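Asker: Handing you a structure now.
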Amino acid sequence: MIIKPQTYNLKLVIIALLTMLCALGLYSYYNYSSLNQYKNFLVDENALIEAELNQLSMDFNALKTNNQLLSDRLEQSKIKIIRILDSVKHITPDIKLLNHYKKQLQAIKLENSKILELVNQLNKENKVLQEEARLADEALDKTMLQSKSLKQQNRALSKLNTDYLNEIDKAKMISISDIYVEGVKRITNSGNIKTTTAAKRVKMLNICYTVAKNDIATQGKKELYFQVLDPKNNVIAYKGDITISDTSLMYSQLDVINYNNNSLQTCVFINLSDNEILLKGEYYITIYHDNQLIGSAKTTFN
Numbered sequence: 338m339i340i341k342p343q344t345y346n347l348k349l350v351i352i353a354l355l356t357m358l359c360a361l362g363l364y365s366y367y368n369y370s371s372l373n374q375y376k377n378f379l380v381d382e383n384a385l386i387e388a389e390l391n392q393l394s395m396d397f398n399a400l401k402t403n404n405q406l407l408s409d410r411l412e413q414s415k416i417k418i419i420r421i422l423d424s425v426k427h428i429t430p431d432i433k434l435l436n437h438y439k440k441q442l443q444a445i446k447l448e449n450s451k452i453l454e455l456v457n458q459l460n461k462e463n464k465v466l467q468e469e470a471r472l473a474d475e476a477l478d479k480t481m482l483q484s485k486s487l488k489q490q491n492r493a494l495s496k497l498n499t500d501y502l503n504e505i506d507k508a509k510m511i512s513i514s515d516i517y518v519e520g521v522k523r524i525t526n527s528g529n530i531k532t533t534t535a536a537k538r539v540k541m542l543n544i545c546y547t548v549a550k551n552d553i554a555t556q557g558k559k560e561l562y563f564q565v566l567d568p569k570n571n572v573i574a575y576k577g578d579i580t581i582s583d584t585s586l587m588y589s590q591l592d593v594i595n596y597n598n599n600s601l602q603t604c605v606f607i608n609l610s611d612n613e614i615l616l617k618g619e620y621y622i623t624i625y626h627d628n629q630l631i632g633s634a635k636t637t638f639n
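In structure tokens form, the structure reads like this:
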């Protein structure tokens with residue numbers, strides 16, 4: 338009867354020990370499972386932070402601005418991201434470090450948001466300035482085109498005006514026609530002119546001509562310069578030189594007439610120089626007035 342209570346007590350102890358052992362096993366398993374979950378949580382959080390930092394780095398690299406101050410701020414933020422990434426990759430994380438990284442990540446996100454806002458604002462302002470510059474360039478191009486067109490029109494009008502003035506000057510110029518040349522061997526006391534066609538007998542030339550009527554020509558005295566060239570292109574009866582279009586012209590005779598816009602018929606005698614004897618052949622006579630050739634004729638002496 339004494340052995341039975343001891344056996345019963347022993348059973349109770351064994352049961353209690355087994356219960357405690359099971360409880361301890363369950364507790365250990367629970368702690369182990371929780372520890373693994375905690376480690377996995379730290380790894381996941383660490384990977385999430387690393388992914389966000391990489392994305393931020395890409396976002397920062399995509400931001401472009403010509404503003405030096407913003408460029409400096411971007412560069413500083415990039416340096417911060419690189420440092421945090423290096424820590425996240427090479428240091429075993431714990432909850433304290435993760436919280437520290439999260440705070441730094443939030444600060445960088447806030448900085449990124451501010452910089453992005455400033456960049457967008459500057460880009461909008463740049464677009465406005467670019468549009469204003471484009472409109473200004475178009476206006477300038479239009480103005481330059483109008484200026485070029487006006488210059489072309491002015492040149493055309495200037496040329497037209499010059500042409501008109503030249504035509505008016507030409508129209509105002511007197512003209513010579515009906516030029517008649519004869520050789521004179523002498524003039525009698527009674528005023529009769531003895532002519533000859535023999536070159537060696539010619540002592541002077543008598544040149545008669547008609548000045549045409551011109552209502553718009555200037556009235557008054559007109560100086561007419563006669564040049565006579567012999568068959569060898571030598572000037573005969575040389576009297577002096579004048580300048581015609583920057584060229585020196587040797588003339589044989591100056592005849593001054595009084596012109597009143599009406600047709601005028603007149604003659605001029607050209608005396609040969611002392612001991613000057615004409616050659617046989619063709620002679621060419623030209624008449625100049627106001628630097629312009631106004632008439633010409635030919636004659637032949639035998």
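Sequential numbering of the sequence shown, starting at 338, is according to our numbering.
Glycine included, each C-beta is placed from N, C-alpha and C at the ideal position.
Please read these numbers as outputs of a predicted model, since none were measured by experiment.
1) At the level of alpha carbons, what is the spacing between Thr547 and Ile516?
2) Distance check for Leu453 and Leu472, CA to CA, integer angstroms please.
3) Let me know the secondary structure DSSP gives Asp578 once reduced to three states.
4) Report yes or no: do three or more beta-carbon pairs, one from the region 609-626 and one from the region 550-562, lie closer than 8 angstroms?
5) Mind checking whether Tyr634 and Ile607 have CB atoms under 8 angstroms apart?
6) Just grab the DSSP bridge partners of Lys558 for me.
7) Can you list, in chain order, the residues of its chain with a C-beta nearer than 7 angstroms to that of Lys540? Leave out the 5 residues immediately preceding and following it.
8) Mark Ile416 as exposed unless 16 or more other C-beta atoms lie within 10 angstroms of its C-beta, in which case mark it buried.
9) Pick out whichever of Glu412, Leu361 and Ile544 has its Cα sitting closest to the Cα of Tyr620.
10) Within its chain, find whatever has a CB closer than 7 angstroms to the CB of Ile340; leave out the 5 residues flanking it on each side and keep chain order.
11) Ends of the beta strand (DSSP E) at Ile530?
12) Given a threshold of 16 other Cβ atoms within 10 Å of its Cβ, counted over all protein chains shown, does Phe638 qualify as buried or as exposed?
13) For Leu355, which residues of its own chain have a beta-carbon under 7 angstroms away from its beta-carbon, when the five flanking residues on both sides are left out?
14) Does the Cβ-Cβ distance between Ile631 and Ile511 come in under 8 angstroms?
15) In three-state DSSP terms, what is Leu347?
Answerer: Walking through what the data contain:
1) Going from the Cα of Thr547 to the Cα of Ile516 covers about 7 angstroms.
2) Using only the alpha carbons, I get a separation of about 28 angstroms.
3) DSSP, reduced to helix, strand and coil, places Asp578 within a strand of the structure shown.
4) Because the criterion of three Cβ pairs below 8 angstroms is met, the region 609-626 and the region 550-562 touch.
5) Reading the sequence as shown, one finds Ala at residue 634 and not Tyr. No.
6) DSSP, once it has assigned bridges, lists Asn595 as partnering Lys558.
7) Short of 7 angstroms from the beta carbon of Lys540, and not among the five residues preceding or following it, lie these beta carbons of its own chain, in chain order: Val521, Lys522, Arg523 and Leu609.
8) Counting Cβ neighbours within 10 Å, Ile416 comes out exposed, since fewer than 16 surround it.
9) For Tyr620, the closest of Glu412, Leu361 and Ile544 by C-alpha to C-alpha distance is Ile544.
10) For Ile340, the predicted structure reports a pLDDT of 49, less than 50, and the residue's modelled location is therefore unreliable. A value from the coordinates is still provided. Result list for Ile340: empty, nothing under 7 angstroms.
11) Residues Ile530 to Thr533.
12) Around the CB of Phe638, 16 or more other CB atoms lie within 10 Å, so the residue is classed as buried.
13) There are no such residues.
14) Their beta carbons are under 8 angstroms apart, which means Ile631 touches Ile511 by this criterion.
15) If DSSP states are grouped into helix, strand and coil, Leu347 belongs with the helices.
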